[in-house]
């Protein structure tokens, strides 16, 4: 990989320079204390040595089950959680240890769409104020009145009726609230959006609407997405590349079709076989790949591969050393000793 | 363009009023509070005499319905011939004034500190919480005596003493409410947008604390009324010739067996006020919880349905 | 093949009184379930699926009310004062229910063993020793390893999937004949969901359980159910055998739902969505509730269709279906 210059963000990015790059990032959380007098600090190893990059205009799907560290990774990129090791680059600029003063202008470029449409909108604020707030906070409008034009445009763009502005969130359904969340994220014309399970809390027929909306917006505005999900079925349509996470590490990273047609890591294979197919004949004749065992304890993960406790192909090496990501074919990397 | 029509606001108010009307307990409480307020504001117009007017010819007169009672002094007079009714009416001023003042002062101070402790966490949180813990442990009456010794008893002293003793509960409650609110997604959304702490606290956290805070304030109001009465009863609060219900109970206790009305009417006034406040607080707590509000509404509708059916059955 | 109906729901209407008006949670729902059958009820939020089974279990309380219709268990009504008595006896014993969120369904203060044995001692009159050994059997039944040790643990020591297994164990404690599962795997990870569904399929076969499975996920239905009922806006709009329904969905909503469900084994560039949103149940539409979103909407759709038989085992509530050949009224 060629060296990236870390000078100014004013340098024009060529189309194969990644917009976002994370290199070996590790995130630990305080997990409580133990030992006599509580001297020993327990750390939750939420994310461990994760690396990937996202090119401008593309969508990277980040898939994992609960506890995999996918949400934490998204928030680490947005600098919402401190990073214990590794580096994060945005437009070639190292933003890992960025100071608060410089963080604010950066927020205009990266935004977040939340999972829970019911909790992510302030119940005491009108829709108009919710969407106008980013404009006011960043000085693009001095008050609500000035922001009217832009807010109307945003609400229209996400498919909400024009009179939605003066109503409160509780008057809207989950899908509509998620549209408000998207409108809010778009207010500052960001380049990069982290979508943290944006459709998990929605009904199946509404999911399709929201994902189509996000795809349309991506084409229209040239957005780059990190699409976090726990469902391999949902990311297929919107992602160009997909990364699979387990217990804080990336297990496999490949182009979209590769993951589905040729999954190499045992966990990916298990994940794929676990998604129920809405077709009784197919579903009942499938042989599900089931692995016994438990997920590793995030407070004290064992040395070696994180998947060892459940992997049917475990070798001795797997219990001693953690496998690195190795490229098996162009664009398809796996972290497995096999 | 984005403002709600005043028509919509009016409609909301109307449906709120209807709900209140159907909740008899809450309605009674509100009516009683309104009456008290009216009494306090229009005291000079309502009271037949000045509360300090002494009429030594008419000492210890019983209420009008007793043998020796007169219409001149409907609820009787005290040992100095002062009209009990007038004193009760004027006494409401003190209770309501002290209640409002203390709730405002203690409430604002306590809420501010609670906001800081809950949002900032870390050292500020620790310092504030330990301050609260220490003050809570300090006996309130002792503090009252100390301040009294320094400033001397008066209305202002009462307000100061009760405020100093009363802000901690707001601090603790606000802090715990902030701790839960700050974990919500919409607060995180505000931070991700780039809002600074001040904006997050005042625009996002505080508005979502108003219902528990309001309920707390109302209940504290009731407690302050009682506390002021207690202080004045002990001679540490309002001093004669000013009137306060507590003071009247205190001076009346020496004549309790001869002139029961001296203790009873101020005491009743205190009880009714506190009861009214609690009824209103109950209703407000119900209103601020959307689920409970819906259940209450359904119960009221069901009761109306039964009433109508009974009426129809009676007519047929 | 028509089995003797175990559970019959007839024209169920449930209303919820709210400040904004009366919400028609269920509008004339009719269903039947035979012995050993698994019926899946699929629908989005607000479709009335949870309301229907809550009515069966007698869980509808203020502001909700069953205003019309009947629910019969083995021929005897569960509504009305005598029905309520019967319900008290069979609830938990002959009909058991498991819910979506295993974290809040178990009491965090008591051990898992205490919660299982409580049910056994209360409903089956067992003494402590009997109850404990039966509890161990139950945990083994749901594939929990080291059951004796697990009995002494508290819910927070179990993972989400394990907790749901415990819930199933408690539900099965009294050997019910009908298990109602209200979105039991929605809150679980997909690999855990797969385990739980397999467990349920296994239990269903071994214990000859009848199951009503409520979900919004068609994949779950495909795995587990013999028959499927599709609900929309408080009514059943299509019901039939699972394989048949998935192969030949008749109602436009069912078709839309199938198309909108992403499949990992299919490649499409764009997901197919159903435009619009479900109707407001406070003033439900007079005609067909799906017509505002339906591509084939016509004039006749302003009248509300009823369920008509279509072929041997299918019933659909749609005017377009009525006009197709092979329909028996």
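Residue numbers (the working numbering), protein chains in the order written: chain A, 82 to 419; chain B, 8 to 323; chain C, 15 to 343.
Where a beta carbon is used, it is the ideal one built from N, C-alpha and C, also for glycine.
When the Cα atoms are used, residue 121 of chain B and residue 143 of chain B turn out to be separated by approximately 15 Å. About 40 Å separates the beta carbons of residue 145 of chain A and residue 247 of chain A, which is beyond the 8 Å limit, so they are not a contact pair.
For residue 401 of chain A, same chain residues with a beta-carbon under 8 Å away, outside a window of 5 residues either side, are 384, 385 in chain order. Taking the beta carbon of residue 314 of chain B as reference, no residue of chain C falls within 8 Å; the closest one sits roughly 15 Å away. Interface with chain C (9 Å Cβ-Cβ cutoff): residue 312 of chain A is included. Comparing C-alpha distances from residue 64 of chain B to each of B/53, B/48, B/86, B/82 shows the shortest one belongs to B/86. Between the segment 248 to 268 of chain A and the segment 101 to 110 of chain A, the count of C-beta pairs closer than 8 Å stays below three; the two stretches do not touch. Annotated three-state conformation of residue 297 of chain B is helix, per DSSP. Bounds of the alpha helix (DSSP H) holding residue 165 of chain C are 161 to 165. Look at residue 77 of chain C: its C-beta is under 9 Å from a C-beta on chain B. Annotation for residue 116 of chain B: the continuous alpha helix (DSSP H) segment containing it runs 91 to 127. About 35 Å separates the beta carbon of residue 356 of chain A from that of residue 298 of chain C, a gap too long to meet the 8 Å contact definition. Counting only Cβ-Cβ distances below 9 Å, residue 22 of chain B has contacts in chain C at 33, in chain order. For residue 20 of chain C, not one C-beta of chain B is nearer than 9 Å to its own C-beta. For residue 396 of chain A, the number of other beta carbons within 10 angstroms of its own is below 16, and it is reported as exposed.
Partner residues in the beta bridge of residue 29 of chain C, as assigned by DSSP, are C/38, C/79.
With a contact defined as Cβ atoms closer than 8 Å, residue 160 of chain B and residue 27 of chain B miss out at about 40 Å. For residue 414 of chain A, the enclosing beta strand (DSSP E) begins and ends at 413 to 415. Rounded to the nearest whole angstrom, the CA to CA distance from residue 256 of chain C to residue 236 of chain C is 7 Å. An exposed status is given to residue 153 of chain B, since fewer than 16 other beta-carbon atoms sit within 10 Å of its beta-carbon.
Under the 9 Å criterion on CB atoms, residue 361 of chain A is classed as interfacial with respect to chain C.
In this structure, residue 45 of chain C lies away from residue 20 of chain C, with their beta-carbon atoms at least 9 Å apart.
Apart from the 5 residues on each side of it in sequence, residue 219 of chain A sits with its Cβ closer than 7 Å to the Cβ of 189, 269 in its chain, given in chain order. Not a single CB atom of chain A sits nearer than 9 Å to the CB of residue 19 of chain B.
Following the DSSP letters along the chain, one finds residue 127 of chain C inside the alpha helix (DSSP H) bounded by residues 126 to 138. Buried is the label assigned to residue 31 of chain C, since at least 16 other Cβ atoms lie within 10 Å of its Cβ. By the Cβ rule, the segment 160 to 174 of chain A does not count as touching the segment 178 to 194 of chain B, because fewer than three pairs are nearer than 8 Å. Judged by DSSP in its simplified three-state form, residue 238 of chain C adopts helix. In the three-state reduction of the DSSP assignment, residue 231 of chain C falls in the coil class. Remark: C-beta atoms of residue 286 of chain C and residue 270 of chain C approach each other more closely than 9 Å.
Nearest Cα to residue 286 of chain A within the set C/305, C/162, C/57: C/57. The beta carbon of residue 26 of chain B falls within 9 Å of a beta carbon belonging to chain C, placing the residue at that interface.
Between residue 199 of chain B and residue 192 of chain A a beta carbon distance of about 7 Å is seen, short of the 8 Å cut, so the two are scored as contacting. Contact note: residue 201 of chain A reaches chain B through 192, 193, 196, using a C-beta cutoff of 7 Å and chain order. Closer than 8 Å at the C-beta level to chain C, one finds these residues of the segment 297 to 310 of chain B: 300, 301, 302, 304, 305, 306, 308, 309. Excluding its 5 nearest sequence neighbours in each direction, residue 265 of chain C has C-beta neighbours in its own chain below 8 Å: 244, 251, 252, 304, 330, 331, 332, 335, listed in chain order.
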